[in-house]
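Accompanying notes for the structure given below.
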Amino acid sequence: MAVNPADSPVFGALYGTDAMRAVFGEPAFLQRMLDVEAALARAQARLGIVPAEAAAAITAAARAEKLDLPALAAATRNTGYPVVGLVKQLSALAGPEAGRWTHWGATTQDIMDTAVVLQMRDAFALLQAELAAVIAGLARLARAHRGTVMAGRTHLQHALPVTFGYKVAVWLSPLITMQERLAQLRPRVERLQFGGAAGTLASLGDQGLRVQEELGRELGLAVPDIPWHVARDGIAEAVGFLGLLTGALSKLATDVILLMQTEVAEVAEPHQAGRGGSSTMPQKRNPIACEYILAQARGVQALVP
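Here the sequence shown is numbered in the numbering used here, starting from 797 and rising by one per residue.
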């Protein structure tokens, strides 16, 4: 069994999608670090700092499938982080002449932070698409049932009549807000990290800021006003957003679970053969998707700073 259940061939589907696993899996992280190294070489080549032939060789070598993973694991155990071993292998793969230009002017945190930002950008794009689909589906449901009368409830007891369309709109509204929040958040998070050893770009002399601009352009990332080596507010804001998003989804899931009780039976999850069934009670139709949502939401919310 995998150490992380999200990577398990049996339980993985309960913890994420294949698309999101492809974004955050270890091969993707290694590739993103290599992408940053290759982009740095190309940016410096355009400024005449690195020979164009060296940048081309570094780019061609920067493929995760070319890495010797056992050797990288040994180097990581020795140094405590993967960049030293990764740069050593990339330099060897690029060849002796090109390899000496690898990682020019960068530091470990530049590479790792920017790789994480690239992963987050990919994840945000997936979330944006999924959120748009959920919003569209709820909007259709709200319109279709704007006249479907049901009991409104307070304290889990009948209060006054409402419509099911209204109830769905209550689920929908926070998700529209989350969509707006995500659009506002992305420019603050999708920023380059490149400051060199102590954040001053000193090793690049008067070319430092130009390299930073070119590297940001190469990767499609905004250039911050100052390196954020020790300022983690962008990462914290992203995690906080995920806490808010899963909170909104938890409200929806909890309501559906309550409305699916046998004694209420006002809604049901979409039917699919065998889904939500019981091994001993054939009459059961369990709110399995809602239970997934609530379980995963608790895990996310535990990480909110």
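Don't be surprised by glycine CBs; every beta carbon is placed ideally from N, CA and C.
Alpha carbon of residue i to alpha carbon of residue j, nearest angstrom
i       : j       : result
Thr959  : Met946  : 5 Å
Asp766  : Val964  : Here the chain covers residues 797 to 1101 and nothing more, so residue 766 does not appear.
Val883  : Leu997  : 19 Å
Ala975  : Pro892  : In the sequence as presented, Ala is not what sits at residue 975; that position holds Gln. Roughly 49 Å separates the two Cα atoms.
Gly895  : Glu833  : 11 Å
Thr855  : Ala835  : 8 Å
Met829  : Ala911  : 5 Å
Gly901  : Thr1042 : 40 Å
Gly1016 : Leu923  : 19 Å
Ala925  : Gly1001 : 42 Å
Leu956  : Thr950  : 9 Å
Thr904  : Trp897  : 15 Å
Leu826  : Ser804  : 20 Å
Ala857  : Glu986  : 26 Å
Gln1057 : Gln1097 : 26 Å
Leu971  : Ala979  : 12 Å
Gln989  : Leu1054 : 46 Å
Leu927  : Arg977  : 12 Å
Gln915  : Leu981  : 15 Å
Helix, strand or coil at residue i [DSSP, three-state]
i       : result
Pro1078 : coil
Gln953  : strand
Ala902  : coil
Arg982  : helix
Ala743  : What the structure shows of the chain is the stretch from 797 to 1101, and residue 743 is not part of that stretch, so it cannot be assessed.
Gln828  : Note that residue 828 corresponds to Arg in the displayed sequence, not to Gln. Here Arg828 sits in helix by DSSP.
Val1063 : coil
Ala1069 : coil
Arg977  : helix
Arg942  : coil
Gly844  : coil
Val930  : helix
Ala947  : strand
8 Å Cβ cutoff, residue i in contact with chain B
i      : result
Thr996 : Absent from the structure: chain B. Only one protein chain is present.
CB-CB length for residue i against residue j, believed under 8 Å
i       : j       : result
Glu1065 : Pro1083 : 6 Å
Gly991  : Asp864  : Actually they do not touch by this definition, with Cβ atoms about 29 Å apart.
Val1019 : Pro1101 : So it is not a contact: roughly 25 Å between Cβ atoms.
Ala938  : Leu968  : 6 Å
**OP:** Would you check if there are 3 or more beta carbon pairs closer than 8 Å linking the stretch 876-889 to the stretch 929-939?
**Re:** Result no; under three Cβ-Cβ pairs closer than 8 Å.
**OP:** Note down, one range per segment and in chain order, each alpha helix (DSSP H) of at least 4 residues found wholly within the stretch 990-1057.
**Re:** Counting only runs of 4 or more, we get 1004-1015, 1029-1055.
**OP:** Take every Cβ of the stretch 991-1011, pair it with every Cβ of the stretch 836-843, and state whether three or more of those distances are shorter than 8 Å.
**Re:** Judged by Cβ distances under 8 Å, the stretch 991-1011 makes contact with the stretch 836-843, as three or more pairs qualify.
**OP:** Check whether the stretch 912-919 touches the stretch 812-823, taking contact to mean three or more Cβ pairs, one atom from each stretch, closer than 8 Å.
**Re:** Enough Cβ pairs lie closer than 8 Å, so yes.
**OP:** Would you check if the stretch 1024-1038 and the stretch 980-1000 touch, i.e. whether three or more CB-CB distances between them fall below 8 Å?
**Re:** Judged by Cβ distances under 8 Å, the stretch 980-1000 makes contact with the stretch 1024-1038, as three or more pairs qualify.
Subject >> Contact between the stretch 865-882 and the stretch 845-856 (3+ Cβ pairs under 8 Å) >> reply: Cβ pair count under 8 Å is below three, so no.
**OP:** Only counting runs of 4 or more residues, tell me where the alpha helix (DSSP H) segments fall wholly within the stretch 847-923, in order along the chain.
**Re:** If we require 4 residues or more, the alpha helix (DSSP H) runs fully inside the stretch 847-923 come out as 848-857, 865-875, 879-890, 892-895.
Original post:
At a cut of 8 Å, does the stretch 1031-1045 reach the stretch 1085-1093 through at least three beta carbon pairs?
Top reply: Taking 8 Å as the limit for Cβ pairs, the verdict is that the stretch 1085-1093 does touch the stretch 1031-1045.
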